[in-house]
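Enquirer: Just so you know, the protein sequences line up as chains U and B, in that order.
Using our numbering, you'd call the opening residue of the first sequence number 2 and step up by one each time.
Using our numbering, you'd call the opening residue of the second sequence number 2 and step up by one each time.
Don't be surprised by glycine CBs; every beta carbon is placed ideally from N, CA and C.
There are 2 protein chains.
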Amino acid sequence: MDNIRKYLNEFVTQSDQDWEIFSSKLVRVEFPKKSIILEKGKREKFLSFIAKGIVRFNIPKPDYDFTFAFAFENTFVSGYDSFLAKTPSLYNIEAISDCVLWRITCEDLETVYDSTQIGDRIGRKIAEELFLKKMKREMSLLEDTAKKRYLDLMSEQPQLIKYIPQKYLASYIGIRPQSLSRIRKEISI
Amino acid sequence: MDNIRKYLNEFVTQSDQDWEIFSSKLVRVEFPKKSIILEKGKREKFLSFIAKGIVRFNIPKPDYDFTFAFAFENTFVSGYDSFLAKTPSLYNIEAISDCVLWRITCEDLETVYDSTQIGDRIGRKIAEELFLKKMKREMSLLEDTAKKRYLDLMSEQPQLIKYIPQKYLASYIGIRPQSLSRIRKEISI
DNA sequence: GCAATCAATGAACAAATGTTAATTAAATCG
DNA sequence: CGATTTAATTAACATTTGTTCATTGATTGC
């Protein structure tokens, strides 16, 4: 749990008391590789901190499985839209590798928001952080070619390329696996 | 200013006292069509509510002008990344039509965050709202064709098509103006 | 370890979008 | 209004990505 506090401290300093209120709600859960952490159609009930592992956000479709995002160790993950709007999730969240999560329920988080000085601020900072990430991604999706997105991903997260199957990477980049193969071939030449 | 309070009330009910603290900081500013509200390279100092008009987010480039987002009446607008991280803005914000904004400075907003019960909650809700929008957009950019994005935009915001030059719409959709012309031609047939 | 399954590659052709350049239409400004 | 500038359209060709299908490579589970 120390990592969670460390992560939060980058955003905002909390009193020991507030941290106690928050951390007492956290529950440790393990998910084996390929298990589904959040199922499409169900409502997200948790905000989770990834202590170990990698997850993907995906929409299973008749023709193919659409992966649009990843989340990595030492970050928060949630079906945030479902969580916030209390609507059924539009996507799955799936463990790519064996994962360890620390989770807090929606209701408990509301309690934290209401009963601590700092709850809303943490929530604000997390939402702000998520927004900035999506904004960068929006620009990349509009401006860059698939090849550039792949090269960027390689240089920014080289270790991930090893653990994430290429078909998921391809989907994330916005192309088909065959096209990613083609790009990889070009690059290596 | 009533519209601002109305907008905020959809997120969170505020006490009259909190509203007074917040609204007393708001300053009305007009921007004529084509004027620059936030200049690339400068730091965003305001959170603004659009009382009237439409703005676009753009990056001016040697070869062409890249528009990646719009903001409309009765929503908040800001160079939020620059605002939050206190870094130079990566883009311009420009008035597409004559605009009326109500602005609060970064510093005043911090004061509101610190001196009201509700400041962080408003900030959280705004950031959450922005994040959800970007998430929907991410999926659309990955999944949909340019034609589908154009048709969606037409059905969701039909009035906008009238006011926003097509070259900006094309950029927003992720294609060149020539390609948008081609798509429009196909559709009308 | 082997069979079965799934992932990655490769090639040929189709579809979508980009690029360039010319033409027409619309907006702006005196 | 008329002249000038800017925006939108069109067309021809180039490039990128998608689609289909076959083949090879890697994993999984018994």
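Can you tell me whether residue 92 of chain U is buried or exposed? The criterion is at least 16 other CB atoms within 10 Å of its CB, across all chains shown.
Expert: Burial call: buried.
Enquirer: At 7 Å on the CB atoms, spell out the chain U contacts of residue 39 of chain B, in chain order.
Expert: Those within 7 Å of residue 39 of chain B in chain U number zero; the least Cβ separation is about 14 Å.
Enquirer: Could you name each continuous alpha helix (DSSP H) segment of 4 residues or more that falls completely within the region 46-76 of chain U, going from the start of the chain to the end?
Expert: You should have found no qualifying run.
Enquirer: Does any C-beta atom of chain U lie closer than 8 Å to the C-beta of residue 144 of chain B?
Expert: Judged by the 8 Å Cβ criterion, residue 144 of chain B is in contact with chain U.
Enquirer: Please compile the residues from chain B whose C-beta is within a distance smaller than 9 Å of the C-beta of residue 81 of chain U.
Expert: 129, 132, 133, 136, listed in chain order.
Enquirer: Sort out for me which residues DSSP pairs residue 28 of chain B with in a bridge.
Expert: Answer is B:104, bridged to residue 28 of chain B.
Enquirer: Tell me which residue opens and which closes the alpha helix (DSSP H) that residue 129 of chain B is part of.
Expert: Run containing residue 129 of chain B: 120-144, per the alpha helix (DSSP H) assignment.
Enquirer: Closest to residue 25 of chain B by CA distance: which of B:109, B:187, B:90, B:136 is it?
Expert: When only C-alpha atoms are compared, the closest one is B:109.
Enquirer: With DSSP collapsed to three states, give me the class of residue 40 of chain U.
Expert: The answer is coil: DSSP assigns residue 40 of chain U none of H, G, I, E or B.
Enquirer: What's the C-alpha gap between residue 20 of chain B and residue 71 of chain B?
Expert: About 27 Å.
Enquirer: Sorted by chain position, which residues of the same chain lie with C-beta nearer than 7 Å to residue 105 of chain U's C-beta, five sequence neighbours on each side aside?
Expert: The residues are 26, 27, 47, 48.
Enquirer: Find the residues of chain B that neighbour residue 139 of chain U, judging by a C-beta separation of less than 8 Å, and give them in chain order.
Expert: Going along chain B in sequence order, the residues near residue 139 of chain U (Cβ under 8 Å) are 69, 70, 135, 138, 139, 142.
Enquirer: Does DSSP put residue 113 of chain B in a helix, a strand or coil?
Expert: Three-state result, residue 113 of chain B: helix.
Enquirer: List the residues of chain B whose Cβ lies closer than 7 Å to the Cβ of residue 122 of chain U, in chain order.
Expert: In chain order: 121.
Enquirer: In angstroms with no decimal places, state the Cα-to-Cα distance between residue 154 of chain U and residue 34 of chain U.
Expert: Their Cα atoms are separated by approximately 22 Å.
Enquirer: So residue 54 of chain B and residue 98 of chain B are supposed to be a Cβ contact under 8 Å. How far apart are they, rounded?
Expert: Right, their Cβ atoms sit about 5 Å apart.
Enquirer: Tell whether a beta-carbon distance below 8 Å holds between residue 139 of chain U and residue 69 of chain B.
Expert: A contact, by the Cβ cut-off of 8 Å.
Enquirer: Closest Cβ-Cβ distance between residue 42 of chain U and chain B: below 8 Å?
Expert: Not closer than 8 Å to any Cβ of chain B, the Cβ of residue 42 of chain U fails to qualify, so no.
Enquirer: Using a Cβ distance threshold of 8 Å, determine whether the region 175-182 of chain U contacts the region 133-151 of chain U, with at least three qualifying pairs required.
Expert: The region 175-182 of chain U is in contact with the region 133-151 of chain U.
Enquirer: Compare the C-beta of residue 85 of chain B with all C-beta atoms of chain U and state if any pair is closer than 8 Å.
Expert: Yes, because at least one Cβ of chain U sits closer than 8 Å to the Cβ of residue 85 of chain B.
Enquirer: Determine, for residue 125 of chain B, whether the minimum Cβ-Cβ distance to residues of chain U falls below 8 Å.
Expert: Judged by the 8 Å Cβ criterion, residue 125 of chain B is in contact with chain U.
Enquirer: Beta-carbon separation of residue 57 of chain B and residue 169 of chain B under 8 Å?
Expert: Cβ distance < 8 Å, so residue 57 of chain B and residue 169 of chain B count as in contact.
Enquirer: Would a check of beta-carbon distances place residue 54 of chain B closer than 8 Å to chain U?
Expert: Chain U contact via Cβ: absent.
Enquirer: Extract the residue ranges of the alpha helix (DSSP H) inside the region 143-173 of chain B, only unbroken runs of 4 or more that lie entirely within it.
Expert: Listed in chain order, they are 147-157, 159-164.
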